[in-house]
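Take any residue in the sequence shown, note its place counting from 1, add 249, and you have its number in my numbering. Glycine residues also receive a C-beta, built at the ideal position from the N, C-alpha and C atoms. Because the structure is a prediction, the values reported are computed rather than measured.
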Amino acid sequence: MDVQQYISSGIIETYVLGMASEEEVRELMMLCEQYPEIKEALLSVQADMEQYATLHAAQPPSGMKEQIWNVLQENNNINSDSPADSSIVSNVIAFKEPEKEKKAFRSMMAAAAVIVIIASVGLNFFFWNKTQSTQQELASMKTEQQQMLASNKAYQEKLAQINSMLLDPAMKSMVLAGVGNHVGTNAMLLWNTSSKEVYLSLKNMPPPPTGKQYQLWAIVDGKPVDAGVYALDSKDDMQKMKVIPSAQMFAITIENEGGSAAPTLDQMVVAGKV
């Protein structure tokens, strides 16, 4: 059973307002014994309704108590001054019986009116909460949709840029394969033989150790030339490195954060010929 769906169905609020059917009441009582979450939700709704009724209770006008007491005193005085004739007493008794019934009926009607008012306030409060919750959910969904659209647009733009680069006849792509203990690791390198721009993707490589950074080297006539360090906090899959006019080989080493003037050869991770 989906407990959360049952709690949010409104049956608990209907029960608290006294509007649930016998079948719904039996089902709710049974589920309260089986699921502590439903029982807790019932107690919470009852507490909220009592608190709301207390906060919005109408105070009687000042002096009302004294006015009622004065009326009762006057009635008692009239009754005490009346002659104690048996016929009058019998008539009074016969007359007062329907008055009691009328008062009882009026009390019942007043109680019913109070119940209707409380139920109306409770329903208004319940549906107001539902409306507020729905509006918040819609606003949240709209925000998420806008974020997804913006993210998708940025992704599509990056993808179009990469596709344009790959379709450029001057763009040369190569895979730098793992060396030594790093067999199985690889990096993607793009080198524009016309503009001499270099782009590097380390998406398939593990992050470097703390305090370390990947550094790209171009091997030119047997000598390493710094081609730049790979930014750790970049969100771009393909990073632009330094311009390299010519090279016979590219390699990547693990260096201290910020890069090194010369490569640490025993920290070479991947390499590949042009």
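Residue j beta carbon less than 7 angstroms from that of residue i
{"i": "T502", "j": "M517", "result": "yes"}
{"i": "D486", "j": "S450", "result": "yes"}
{"i": "K421", "j": "P494", "result": "no"}
{"i": "V478", "j": "A496", "result": "no"}
{"i": "T434", "j": "A419", "result": "no"}
Residue i - partner residues in DSSP beta bridges
{"i": "W440", "result": "K421, V447"}
{"i": "A500", "result": "W466, A520"}
{"i": "Q488", "result": "L449"}
{"i": "N435", "result": "A426"}
{"i": "V274", "result": "Paired residues: none, contrary to the question."}
{"i": "D475", "result": "W466"}
{"i": "K461", "result": "N505"}
Inter-residue Cα distance where the pair is residue i and residue j
{"i": "Y448", "j": "Q488", "result": "5 angstroms"}
{"i": "S483", "j": "N412", "result": "20 angstroms"}
{"i": "I367", "j": "D251", "result": "30 angstroms"}
{"i": "K345", "j": "I364", "result": "Its pLDDT being 47, under 50, K345 is placed unreliably by the model, and the measurement read from it follows with that caveat. Spanning the two alpha carbons is a distance of roughly 29 angstroms."}
{"i": "A269", "j": "T383", "result": "24 angstroms"}
{"i": "V523", "j": "V424", "result": "9 angstroms"}
{"i": "M278", "j": "I287", "result": "9 angstroms"}
{"i": "G427", "j": "G507", "result": "22 angstroms"}
{"i": "V275", "j": "A296", "result": "One point to set straight first is that residue 275 is Arg, not Val, in the sequence displayed. Each residue's alpha carbon lies about 21 angstroms from the other."}
{"i": "P457", "j": "E386", "result": "41 angstroms"}
{"i": "H431", "j": "A510", "result": "23 angstroms"}
{"i": "T380", "j": "T459", "result": "50 angstroms"}
{"i": "A290", "j": "N401", "result": "40 angstroms"}
{"i": "F375", "j": "Q254", "result": "16 angstroms"}
{"i": "G259", "j": "Q394", "result": "28 angstroms"}
Outcome for residue i when other beta-carbon atoms lying within 10 angstroms are tallied against a minimum of 16
{"i": "I261", "result": "buried"}
{"i": "P512", "result": "buried"}
{"i": "A520", "result": "buried"}
{"i": "V265", "result": "buried"}
{"i": "E504", "result": "buried"}
{"i": "N340", "result": "For N340, the pLDDT reaches just 45, beneath the cut-off of 50, and the residue's location in the model is therefore unreliable, leaving the point undetermined."}
{"i": "D330", "result": "Reliability fails at D330, whose pLDDT of 49 lies under 50, so the model's placement of it is uncertain and no value is given."}
Residue i Cβ short of 6 angstroms to the ligand HEM heavy atom set
{"i": "D470", "result": "By its list of ligands, the structure shown contains no ligand whatsoever, and the ligand HEM lies outside what it can speak to."}
Check: With contact counted as at least three CB pairs below 8 angstroms, one residue from each stretch, are the stretch 402-422 and the stretch 382-394 in contact?
Finding: No, they do not touch.
Next item on the list: Count the CB pairs spanning the stretch 425-439 and the stretch 452-472 that are closer than 8 angstroms, and state whether there are at least three.
Entry: yes
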